[in-house]
Structures are given as C-alpha cells and as structure tokens.
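Same order as they appear, the protein sequences are chains A and B. Going by our numbering, the first sequence opens with residue 141, and the numbers climb by one from there. Going by our numbering, the second sequence opens with residue 141, and the numbers climb by one from there. Just below is one structure, and these are the notes that go with it.
There are 2 protein chains.
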Amino acid sequence: MAAAMIDNGVNVQALLAAREALKQAPEAAVFTWRATCKWRNGTHSRSTVQGFHGLGQEHKHKTEFTFEADHPEVFAAEDLGATPVEFVLVGLASCLTAGVAAVAQNRGIQLRSVEARLEGKMDIQGILGIDSDVRNGYEDIKVTFDIDADATKEEIEALVAQSQKRSAVYDIVTNPTNVTVEVNKL
Amino acid sequence: MAAAMIDNGVNVQALLAAREALKQAPEAAVFTWRATCKWRNGTHSRSTVQGFHGLGQEHKHKTEFTFEADHPEVFAAEDLGATPVEFVLVGLASCLTAGVAAVAQNRGIQLRSVEARLEGKMDIQGILGIDSDVRNGYEDIKVTFDIDADATKEEIEALVAQSQKRSAVYDIVTNPTNVTVEVNKL
C-alpha cells in the first residue's frame with residue numbers, strides 16, 4: 141500500500157470527510173475571509189489578518205498575522221514592506237504549492253521538495269497614467285515549479301495541473317472577481 | 141498654498157518626474173516582480189520576496205521579506221500562516237490604501253487616518269470539488285474605507301475612486317490575468 145506509506149503532512153481523510161459533510165449542508169461551505177489595513181505614512185500600510193467565518197460560525201487564526209506593505213525606494217518610497225503586487229504573487233505561489241501537496245497526498249505520491257518561482261511582468265506606464273492602453277496590473281505571470289517526488293514527470297505535471305484546477309488564488313487572478321468599495325468619512 | 145502645507149509622506153514630485161522621464165524611455169517602465177515559495181510540510185509554505193527588475197536594471201528591497209502561508213485548523217491543517225486568499229486581500233488593501241495617500245498628496249488633501257476593512261466571500265464547495273458550478277475563488281470582495289481627512293465626503297470618495305482607477309492589484313483581481321505554469325522534475 142504505497143498510498144498508506146506516503147506522508148506529505150496533509151490530512152486528506154479529514155478533507156474528504158469535510159467534503160461529504162458539506163454536501164449535506166452546503167450553506168456551511170460559505171466562508172468569509174478578512175483583512176484590515178491601516179495607513180501608516182506615504183505608501184506604507186500595516187495589514188492584519190485573524191478572524192474569519194465558515195462552517196456557520198466565527199473562527200480565529202491561532203495568531204494574528206501582520207503584514208507591512210510599501211513601495212520601494214525606486215518609487216521614492218521607504219521600502220518598509222513588500223509591494224502590494226508581490227503579495228499577490230505570494231498568495232498565488234502558496235495556493236498552488238498547498239494544492240500540489242494535497243493532490244500528491246490524495247494520489248499517494250511522496251513529495252521530497254517543491255519550489256515555485258514566480259515572475260509577474262508589469263508595465264508601470266499603466267499605474268503612472270502615461271498610456272491608457274497599458275493595464276495597471278500584471279501583463280502576465282510566469283510560475284516555474286521545481287518538484288522532487290517519487291513520480292514520473294507526467295505524474296508531477298498532472299499534480300500541478302490539478303492544483304491549478306482547484307486553486308482559489310489561481311481562479312481569482314485568471315478570472316474577473318467583483319470588488320465593491322464603500323467609503324465612510326470620519 | 142494649501143497643497144504645499146499638506147504632507148501624507150508621498151513624494152509626488154518624484155513620481156511626476158518619473159512619469160515625464162518614462163514618457164521618453166517607455167522600455168524602462170517594464171518591471172518584473174518576483175516571489176519564491178518553498179513547500180515546508182502539508183499546506184505550509186514559506187515565500188520570500190527581495191529582488192525585482194525595473195528601470196532597465198536589477199533592484200533589491202532593503203530587506204528580504206518572508207511570508208508563512210498555511211491553511212487553518214478548520215481545514216485540518218496547522219495554521220502556521222495566513223491563507224493564500226488572505227494574502228490577496230492584503231495585496232488589494234495595501235494597493236488601494238497607498239493609492240489613496242498618493243492621490244491625496246497630489247490633490248493637496250491632508251489625510252489623518254485611513255483604514256480599510258476587506259471581506260472576501262468564498263464558497264469552498266468550489267475548491268473541494270463538490271459543485272463544478274461554484275468557482276474556486278472569491279464570489280465577491282467588499283472593501284470598506286474609513287477615512288479622516290481635511291476634505292468633503294465627495295472629495296474623499298473621489299480619492300478612493302481615483303485610487304481604484306490606478307491600482308495594480310484592483311486591476312489584477314477585477315480583470316483576467318494570464319498565468320503560465322511550467323513544471324520541472326528534479
């Protein structure tokens with residue numbers, strides 16, 4: 141039983157049980173994820189993440205996660221944190237990587253190492269308002285996975301393909317997502 | 141000169157000068173942002189951000205930024221970091237917030253405080269593969285800004301609207317972005 145011996149640290153049994161349970165109670169499958177961002181100075185902000193809603197109740201991460209974001213010195217800023225567009229790359233990288241581990245576990249494939257390198261190409265003529273034909277965001281993102289696993293090249297490629305197919309962030313980035321913005325004056 | 145007195149910490153003069161310079165050398169406006177993500181165990185990964193390319197040369201952030209990502213305990217994981225989808229909210233929040241500060245500086249509006257609360261609604265029937273009509277990513281994201289500034293409600297709303305118009309992450313989330321994935325077997 142190769143599948144029973146492998147251990148990528150993903151509790152696939154629990155996830156499969158959750159899937160069965162949610163089929164009976166689909167309203168519990170609606171999650172709300174949250175972040176709060178406070179402006180510090182210039183382009184520097186501090187975001188925190190802790191509470192979320194799902195399975196019909198409130199939850200909290202074990203710790204509050206805090207993130208500094210800023211623009212780099214080449215944009216005449218203080219470089220006190222990663223840029224907002226780099227946070228998107230981190231989200232995409234970590235989503236696809238978690239998916240590779242989960243799919244490998246489900247398929248009985250032992251992973252030894254997984255590394256993803258992401259590059260996002262962006263023409264800043266968009267955000268600077270120089271050329272309205274240039275979009276503000278990434279023109280394209282390239283992801284390169286280097287994976288060491290007990291599997292053939294084809295099986296490893298299939299792991300990544302299945303991870304893409306079920307990745308929340310891959311979907312958010314590659315498809316349009318509605319964003320509503322409300323403003324209160326204090 | 142109200143505009144000369146206000147200080148949101150954004151060097152608008154440098155940004156306007158950069159805009160003029162890049163009009164003459166548009167090839168320098170092409171940036172490449174990068175992140176590297178290493179799988180740790182289960183759904184836990186560690187991403188790092190430091191180098192980027194732009195203005196025709198390589199740059200490095202002053203420090204290397206490191207981010208732990210994981211799934212929460214309710215997904216039978218270790219909760220050793222924020223979820224990938226929360227990183228997207230942080231990117232969106234910090235991008236819009238930096239934009240509000242920059243636009244306010246350019247318009248001579250003194251900010252006193254800016255806070256953004258983001259909520260992203262996601263039906264996990266998508267990522268669990270229960271219902272193929274349910275998308276994997278956010279169904280919608282709601283952003284609520286609370287802003288204290290020397291300005292009318294209408295002026296504050298216009299700041300946020302202009303920030304949305306020039307935001308890289310708002311564009312990435314609300315519009316489709318091409319992602320190419322390559323896989324190497326080690």
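In this text, a Cβ means the ideal position worked out from N, Cα and C, and glycines have one as well.
For Ser187/B, the residues of chain A that pass the 7 Å Cβ criterion are Val230, Ala233 and Ser234, in the order they occur in the chain. Taking 3 residues as the shortest admissible run, the segment 180-210 of chain B contains the following complete beta strand (DSSP E) segments, listed from N- to C-terminal end: 184-194 and 197-209. At a cut-off of 8 Å, the C-beta of Val300/A has a neighbouring C-beta in chain B. Look at the beta carbons and you see the segment 219-232 of chain B not touching the segment 197-204 of chain B: under three pairs across the two are nearer than 8 Å. Ser253/A and Asn315/B have their C-alpha atoms some 33 Å from each other. For Glu255/A, DSSP records a beta bridge to Asp286/A and Lys178/B. Residues are counted here when their Cβ sits less than 9 Å from a Cβ of chain A; for the segment 238-268 of chain B these are Ala238, Gly239, Val240, Ala241, Ala242, Gln245, Leu251, Arg252, Ser253, Val254, Glu255, Ala256, Arg257, Leu258, Glu259, Gly260, Lys261, Met262, Asp263, Ile264, Gln265, Gly266, Ile267 and Leu268, given in chain order. Straight across, the Cα-Cα distance linking Ala175/A with Leu232/B is about 10 Å.
Between Gly191/A and chain B, the shortest Cβ-Cβ separation is not below 8 Å. Residue state for Val150/A is assigned as coil, using DSSP reduced to three classes. Look at Ile264/A here: in three-state DSSP terms it is coil, with no helix or strand label. Beta-bridge partners of Glu322/B (DSSP): Thr284/A. Rounded to whole angstroms, Asn148/A and Leu229/A show a C-alpha spacing of 23 Å. The beta carbon of Gln304/B falls within 8 Å of a beta carbon belonging to chain A, placing the residue at that interface. Taking the CA atoms as reference points, Asn181/A sits about 9 Å from Asp210/A. Judged by DSSP in its simplified three-state form, Ala216/B adopts coil rather than helix or strand.
With a threshold of 16 other beta carbon atoms within 10 Å, Ser234/A meets it and is buried. Separation of Asn324/B and Ala242/A (C-alpha to C-alpha, rounded to the nearest whole angstrom) is 19 Å. Neighbourhood of Ile270/A in chain B, by CB distance below 8 Å: Arg159, Leu162, Lys163, Pro166 and Ala169, in chain order. Collapsing the DSSP output to three states places Val274/A in coil. Of the candidates Val274/B, Phe171/B and Leu258/B, Val274/B places its Cα closest to the Cα of Asp311/A. Within its own chain, the residues whose Cβ lies closer than 7 Å to the Cβ of Gly266/B, once the five positions on either side in sequence are excluded, are Val274, Arg275 and Asn276, listed in chain order.
Taking C-alpha positions only, Gln245/A is separated from Thr292/B by approximately 56 Å. Around the beta carbon of Ala154/A, fewer than 16 other beta carbons sit within 10 angstroms, so the residue counts as exposed. Sequence-distant Cβ neighbours of Met262/A in its own chain, meaning closer than 6 Å and more than five residues away, are Tyr278.
Within chain A, no C-beta atom comes less than 9 Å from the C-beta of Glu198/B; the nearest is roughly 11 Å away. Excluding its 5 nearest sequence neighbours in each direction, Thr284/A has C-beta neighbours in its own chain below 6 Å: Arg257, listed in chain order.
Looking at the DSSP output, Thr172/A bridges to His193/A and Lys261/B. Judged by their CB atoms, Arg306/B and Gly269/A are nearer to each other than the 8 Å cut-off. Sequence-ordered contacts of the segment 277-288 of chain B with chain A read Gly277, Tyr278, Glu279, Asp280, Ile281, Lys282, Val283, Thr284, Phe285, Asp286, Ile287 and Asp288 [C-beta pairs closer than 9 Å]. Between Gly260/B and Trp173/A the beta-carbon gap is near 5 Å, inside 8 Å, which marks them as a contact. With its beta carbon less than 8 Å from one in chain B, Ile312/A belongs to the interface.
Counting along the chain, Glu297/A sits inside the alpha helix (DSSP H) bounded by residues Lys293 to Lys305.
Listed along chain A, the residues sitting closer than 7 Å to Asp219/B by beta-carbon distance are His201 and Lys202. For Ala242/A, the three-state secondary structure derived from DSSP is helix. Interface criterion met: the Cβ of Ile296/A is under 8 Å from a Cβ in chain B.
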